[in-house]
Structures are given as C-alpha cells and as structure tokens.
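Heads up: the sequence shown begins at 985 in this note's numbering, then just goes up one per residue. These notes are about the structure you will find just below.
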Amino acid sequence: MTATIEPAAKVAQARISTEFRMKWRSQLMREHGLELMEADAIISDTLSFLTVGIVNQGTAFRPSQKVDIGWHQFILNTVEYAEFCEREAGYFIHHIPDEFTAPRRAEADVHEVLAPTVEAITNAGLPLHPELWLSGSGNCSQCHSGCTNCGQGDGFH
C-alpha cells in the first residue's frame, strides 16, 4: 500500500531551482540526445519516483529505463543530488545496480515490473508521463528482472 504523500513532499519538484533544472535538462539533451519536452518529462518523473521511494521506505519500486537515465544524470550533479536527498529524505539515496544479483525469474514483462511504481506515483498525485513508463514491450532488460529501486534487496537506500 502506498503511503499518503504529505503536501510538503509534493512540492519536492518546486524545491529544485530553475537554474539547476535547466542545467539538468541541458545535460540530458546533450548527453542522451533527448528533445526538450522529453528531458523535462524525465526530470519530473525522476523526482516523482524518488519521492514515492522516500515516503514508502522498504517498498520495492523500480525506475523505467528513461527515468533511470534521469536519476543517473541527477546523481552526477553530486552537490545538488546530495542536497535534495538530505532535504527531502534526511539521508543519501543510493543507487545500487542489481548486476550481481541472480535473476529472480527468467523474464519479466516491463509493464508488470513497473506497474507498482506507476500506481504509487499515480495514487500519490505526483506528475507521471505514461510514455516514459509504459512504452515499449517485451521483457525488462534494465538489470536482471529482479531489481528493486535499481538496487539490491528490498530497501530504497
């Protein structure tokens, strides 16, 4: 069950400065060949993903491939990322790829794997761009079909 998002948590996006958001967007566009609108959507959904993870500690949420690109780019801006983590979560949110964990099942449908995260973001009333989460088909190839928050185990940090 998704925890209720307090109004203060919903403004996490607003607490990202316009200056940094423009820098982050520019980096995504330049380094990943994204268009402006897609880069903006990725930033928005990355913040939504991180917010539901903060509020629902211990719940296994997973980023889509596009959101994971946004998360990686955010982390590369270490000062802003560390400040966000401390301000919003009170701790540093680690990103631990699942590459050394054995697959939990042979295959996982992308929609099935991401559905709990999409549902949590939607239920929390946070911004969500379905095309970043529900596009494509086939099997989850982000890691080993057993990722949780792009990390090992059931914890978010």
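Positions of the beta carbon are idealized from the N, C-alpha and C atoms, including for glycine. Since this is a predicted model, take the numbers as computed values, not measurements.
Review point. So which of L1060, A1066 and V1102 has the shortest CA-CA distance to K1007?
Key: L1060
Check your understanding: With a CB to CB cut of under 8 Å and the five nearest residues on each side skipped, what residues in its chain are close to T1002?
Key -> Cβ contact annotation for T1002 (same chain, cutoff 8 Å, sequence separation greater than five): none.
Exercise for review: Leaving out five residues on either side along the sequence, give the residues of the same chain with a beta carbon under 7 Å from the beta carbon of L1116.
Suggested key: Only A1025, I1026, D1029, S1048, K1050 and V1051 meet the Cβ criterion.
Point to revise | Other residues of its chain near A1073: CB distance less than 6 Å, five sequence neighbours each side excluded | key: I1038
Review point. Just to confirm, are E1096 and F1004 a CB contact at a threshold of 7 Å?
Key: no
Check your understanding: Beta-carbon separation of A996 and L1031 under 7 Å?
Key -> Cβ distance < 7 Å, so A996 and L1031 count as in contact.
Review point. Can you name, in chain order, every residue of its own chain whose Cβ lies under 8 Å from the Cβ of L1020, other than the five neighbours on each side?
Key: Closer than 8 Å at Cβ, skipping near neighbours: R1009 and M1013.
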